[in-house]
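J.: Take a look at this one; I'll ask things after.
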């Protein structure tokens, strides 16, 4: 039965996360934006403990008589959206919730999950010469007896400074392309991996974005994630890399949810300001009979609503075991650009006040930009969506 | 308390209806749309085929010749989406009597239903329409120029109503007018004295038999003023219906464009392999997805008896603007071929613009 309302159980999750966002994140949002580079904020440590105490991923999903599920993917959307309403940088700084954790939980062995599952694991994919084209990475991994030896440079690694371990993508043989790319768990304390720098950024400042250097970095053989074999047929190779990329089908809606939270925050602040200045966008007149300010608010709210429902749909499909690669990219594309447009427009709609640091609007507009870039840029999502629709391969539609 | 889960699964009944509607769209509605557009009038058999699904019979009480099912805005919206994929003109022409029946069910009392519904209790097309929109540029539903003045036990209606589909053949209209400082709705039969119906030509929806109504002191008994009239509900349920039509039509644009861009070659390869083309296709699909989910949310809230004004308003705004973007990009993808009338693209473009002008039509 078609229903696009949030069930009570998920609403509770949302409210809890919203309390955290307004009680813990918002009051320190400006403070850490100004500090920028620091160790994990003290205020986030109890948050991490609280989250570690919650069952991860295995949370019982609620199903109805028809077997429909609203499970962990949708729960994640609720929590991420509300936390990012508070502060997207702070959410990303909570120890233990790195992208590396998602990868380990998705494809790790029981031993790997046991050893690293509860630590803070970052993910290092991007290199100076390979961003969106992740198949072109040139960090190498060579087996030497019982150890892997890694060499290369990694940049834009979220959490790379503060994490306990990094999941590093490297190639076993660059001539074999995508199929030879594997990921490896490297403890942050490994002497072969060094912190080169932490980036200065426009927004998302509290979140540490690190450059890492791997110089004959040695790790035990069992620290490879998934199989170390390189598939021998073209089809099997394709499948192997596809498997790696499939992690993104689950994570992209979560990143889309970040944009939802940021956009909602900007809209709520704008509405509060407008109320004080006598602009009431109350849906009482036809759009084109409304004032320019009212109409613009309606447009932004409509776009947020479209992105929100698309994100929920992609997560719902994942919860119900439906292939959602296209929908995951669609919601990331829509939410990514929506979040950026909404926050920027809210600054503009609030004039001097919006542009000042007296409200959070300008910060939200700085933070929102990265959401349309990381976890696959707008253009990468459009490529994926277009390939699905047009039935074209990555060779046919580059 | 257990609340329903988020779910996008159609019920078995909705799925079966969808299949047969899509068959009608594929086999006759789509293929005949162009000819009807050129002729400027609907194909009677198509209207009857749509009416054959019995959408206006569903909510009608059994005693009046209907099925007596609960009102279902969601089922109506799904139907409008399917039929809009075939042709917005015929979908609007045939479904506007469903809107009129729904208005009587939602806003009329038992006597009014008994008086006006039986002549619409048919599986062939018996037009009736809601007349809300008025001629002009800045119409606002809550401030109609059309006026009803009380005179003894009658009202006297004066004013003009625009964009009424099939007006020349309607049995009756639900006319919305200012009345004693509020907004009222009156059932006015086609043959009422002082009512004249003139055909009007528009940019699109040319096969929908569009008309303008002129009311000059039309006498309506007070008993024909709908007792529970709710203008917001009318406008919002209509917004959902219009969104559904647009979603269907936009899906038709996308489905038609995909094989074309894969086959059409320029510079030695299919144009689909160029990002500027492929991304346009991707964005169409992305925006359609958002439009559809917003329309479905508003419809399902209406279905569940939840407030849905904000949801319908936003869905309509989104559809009005994004649908036109899709309509114009559809032509762009075809280049000159999209501009000539051999292809349906330019007709869809003309039809989609109507979303910004229609009010009160197709109340789901």
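Chains as they are written, first to last, in the numbering used here: chain G, 176 to 573; chain L, 8 to 371. We put the CB at the ideal spot given by N, CA and C, even for glycine.
1) Cβ closer than 8 Å: which chain L residues qualify as neighbours of residue 464/G?
2) Check the Cβ of residue 458/G against every Cβ in chain L and list those closer than 7 Å, keeping chain order.
3) Could you spell out where the alpha helix (DSSP H) holding residue 486/G opens and where it closes?
4) Looking at C-alpha atoms only, which residue of 145/L, 187/L, 132/L is the closest neighbour of residue 158/L?
5) What residues in its chain sit with their C-beta under 8 Å from that of residue 234/G, if we drop five residues either side in the sequence?
6) Quick check on the DSSP output: the beta strand (DSSP E) that includes residue 391/G runs from which residue to which?
7) What did DSSP end up calling residue 218/L once you bin it into helix, strand or coil?
8) When we look at the beta-carbon of residue 88/L and count the other beta-carbons within 10 Å, is it buried (16 or more) or exposed?
9) Tell whether a beta-carbon distance below 7 Å holds between residue 371/L and residue 125/L.
10) Can you list, in chain order, the residues of its chain with a C-beta nearer than 6 Å to that of residue 472/G? Leave out the 5 residues immediately preceding and following it.
11) Following a CB-centred definition, is residue 55/L positioned closer than 6 Å to any heavy atom of the ligand ATP?
12) Would DSSP call residue 294/G helix, strand or coil?
13) Tell me, which residues are paired with residue 228/L by DSSP?
14) Out of 107/L, 61/L, 324/L, state which residue places its alpha-carbon closest to the alpha-carbon of residue 475/G.
15) In the DSSP output, what is residue 330/L paired with across the bridge?
16) Leaving out the 5 sequence neighbours to the left and right, which residues in its chain are closer than 6 Å to residue 50/L when beta-carbon positions are compared?
17) Identify whether residue 174/L lies in helix, strand or coil by the three-state DSSP scheme.
18) Indicate the three-state DSSP secondary structure (helix, strand or coil) for residue 178/G in the structure shown.
19) By the criterion of Cβ-Cβ separation under 7 Å, what are the contact partners of residue 54/L in chain G?
20) Using 7 Å as the limit for Cβ to Cβ distance, is residue 177/G near chain L?
21) Please report the distance separating the alpha-carbon of residue 245/L from that of residue 466/G.
22) So, is the C-beta of residue 269/L closer than 7 Å to a C-beta in chain G?
23) Where DSSP assigns a beta bridge to residue 154/L, which residues make up the other side?
24) What does residue 487/G reach in chain L if we use C-beta pairs closer than 7 Å?
25) Any Cβ of chain L within less than 7 Å of the Cβ of residue 387/G?
26) Anything in chain L within Cβ reach of residue 507/G, meaning under 8 Å, just list it in chain order.
27) Between residue 296/L and residue 505/G, which are expected to be in contact by the criterion C-beta below 8 Å, what is the C-beta distance as a whole number of angstroms?
28) Excluding the 5 residues preceding and the 5 following residue 486/G in the sequence, name in chain order all residues of the same chain whose CB lies nearer than 7 Å to its CB.
29) Hey, residue 255/L and residue 92/L: beta-carbon distance below 7 Å or not?
30) Let me see if you follow: with CB-CB separation under 7 Å, is residue 443/G close to chain L or not?
31) From the DSSP output, which residues share a beta bridge with residue 308/G?
32) So with Cβ pairs under 7 Å, would you call residue 510/G a contact of chain L?
33) Consider the Cβ of residue 303/L: report whether some Cβ of chain G lies at a distance smaller than 7 Å.
34) Could you check the C-alpha separation between residue 351/L and residue 259/L for me, to the nearest Å?
35) Please list the partners that residue 296/L has in chain G, where partner means a Cβ-to-Cβ separation under 7 Å.
36) Can you tell which of 209/L, 175/L, 183/L has its C-alpha closest to the C-alpha of residue 238/L?
T.: In terms of the structure at hand:
1) As a working note, residue 464/G is residue 289 in the first chain. Going along chain L in sequence order, the residues near residue 464/G (Cβ under 8 Å) are 145, 147.
2) Position 283 of the first chain, counted from the start, is the residue given in the question as residue 458/G. Neighbours of residue 458/G on chain L, chain order: 316, 317, 320.
3) Residue mapping note: residue 486/G aligns to position 311 of the first chain, counting from 1. Segment 467-494, the alpha helix (DSSP H) holding residue 486/G.
4) Residue mapping note: residue 158/L aligns to position 151 of the second chain, counting from 1. It is 187/L whose Cα lies nearest to the Cα of residue 158/L.
5) As a working mapping, residue 234/G is identified with position 59 in the first chain. Residue confidence is low: residue 234/G scores 46 on pLDDT, short of 50, so the model does not pin down where it sits. Its coordinate-derived value is still stated next. Around residue 234/G: 246, 247, 250.
6) Residue numbering aside, residue 391/G sits at position 216 when the first chain is read from its first letter. Where residue 391/G is concerned, the enclosing beta strand (DSSP E) stretches over 384-395.
7) One-based indexing of the second chain puts residue 218/L at position 211. Looking at residue 218/L - three-state DSSP - the assignment turns out to be strand.
8) Numbered from 1 along the second chain, position 81 holds the residue referred to as residue 88/L. By the 10 Å Cβ count, residue 88/L comes out buried.
9) Your numbering for residue 371/L matches position 364 in the second chain. Your numbering for residue 125/L matches position 118 in the second chain. For residue 371/L and residue 125/L, no; Cβs fall outside 7 Å.
10) Taking the first residue of the first chain as 1, we reach residue 472/G at position 297. Only 456 meet the Cβ criterion.
11) Among the components modelled here there is no ligand, and therefore nothing to report on the ligand ATP.
12) The residue given as residue 294/G occupies position 119 in the first chain. Coil, per DSSP.
13) By 1-based counting over the second chain, the position of residue 228/L is 221. Partner(s): 161/L.
14) Within the first chain, the letter at position 300 stands for residue 475/G. When each option's Cα is compared against that of residue 475/G, the closest is 324/L.
15) Here residue 330/L refers to the residue found at position 323 when the second chain is read from its first residue. According to DSSP, which records beta bridges pairwise, residue 330/L is partnered with nothing at all.
16) Position 43 of the second chain, counted from the first residue, corresponds to residue 50/L. Cβ neighbours of residue 50/L beyond the five flanking positions: 39, 43.
17) Indexing the second chain from 1 puts residue 174/L at position 167. If DSSP states are grouped into helix, strand and coil, residue 174/L belongs with the helices.
18) Taking the first chain and counting its residues from 1, one reaches residue 178/G at position 3. In this structure, residue 178/G counts as strand in the three-state DSSP scheme.
19) For the purposes of this step, residue 54/L is identified with residue 47 of the second chain, where counting begins at 1. None at all; the shortest Cβ gap to chain G is about 28 Å.
20) By 1-based counting over the first chain, the position of residue 177/G is 2. Yes, because at least one Cβ of chain L sits closer than 7 Å to the Cβ of residue 177/G.
21) Translated into the one-based positions of the second chain, residue 245/L becomes position 238. Translated into the one-based positions of the first chain, residue 466/G becomes position 291. For residue 245/L and residue 466/G, the distance between alpha carbons rounds to 23 Å.
22) For the purposes of this step, residue 269/L is taken as residue 262 along the second chain, with counting starting at 1. Chain G, which has a Cβ nearer than 7 Å to the Cβ of residue 269/L, makes this yes.
23) To locate residue 154/L, count along the second chain from 1; it is residue 147. Bridge partners of residue 154/L: 165/L, 185/L.
24) Locating residue 487/G in the first chain gives position 312, counting from the first residue. Here the neighbours are 13.
25) On the first chain, position 212 is the one that residue 387/G refers to. For residue 387/G, the answer is no, since every Cβ of chain L falls outside 7 Å of its Cβ.
26) Here residue 507/G corresponds to residue number 332 of the first chain, with the count starting at 1. Result: empty, since nearest Cβ-Cβ is about 10 Å, beyond 8 Å.
27) The count along the second chain starts at 1 and reaches residue 296/L at position 289. The count along the first chain starts at 1 and reaches residue 505/G at position 330. Between residue 505/G and residue 296/L the Cβ distance is about 6 Å, and since that is below 8 Å, they are a contact.
28) To locate residue 486/G, count along the first chain from 1; it is residue 311. So the list reads 252, 428, 431, 432, 435, 506, 510, once near-sequence residues are dropped.
29) To locate residue 255/L, count along the second chain from 1; it is residue 248. To locate residue 92/L, count along the second chain from 1; it is residue 85. Yes, the Cβ-Cβ distance between residue 255/L and residue 92/L is below 7 Å.
30) Here residue 443/G is taken as the residue at index 268 of the first chain, counted from 1. No, residue 443/G does not count as interfacial toward chain L.
31) In the first chain, the residue the question calls residue 308/G occupies position 133. Answer is none; residue 308/G lacks a bridge partner.
32) What you label residue 510/G is simply residue 335 of the first chain in a count that begins at 1. So, not an interface residue.
33) Here residue 303/L corresponds to residue number 296 of the second chain, with the count starting at 1. Yes, because at least one Cβ of chain G sits closer than 7 Å to the Cβ of residue 303/L.
34) For the purposes of this step, residue 351/L is taken as residue 344 along the second chain, with counting starting at 1. For the purposes of this step, residue 259/L is taken as residue 252 along the second chain, with counting starting at 1. Rounded to the nearest angstrom, the two C-alpha atoms are 10 Å apart.
35) Taking the first residue of the second chain as 1, we reach residue 296/L at position 289. Simply 485, 505.
36) Counting from one through the second chain, the residue named residue 238/L turns up at place 231. Closest by alpha carbon: 183/L.
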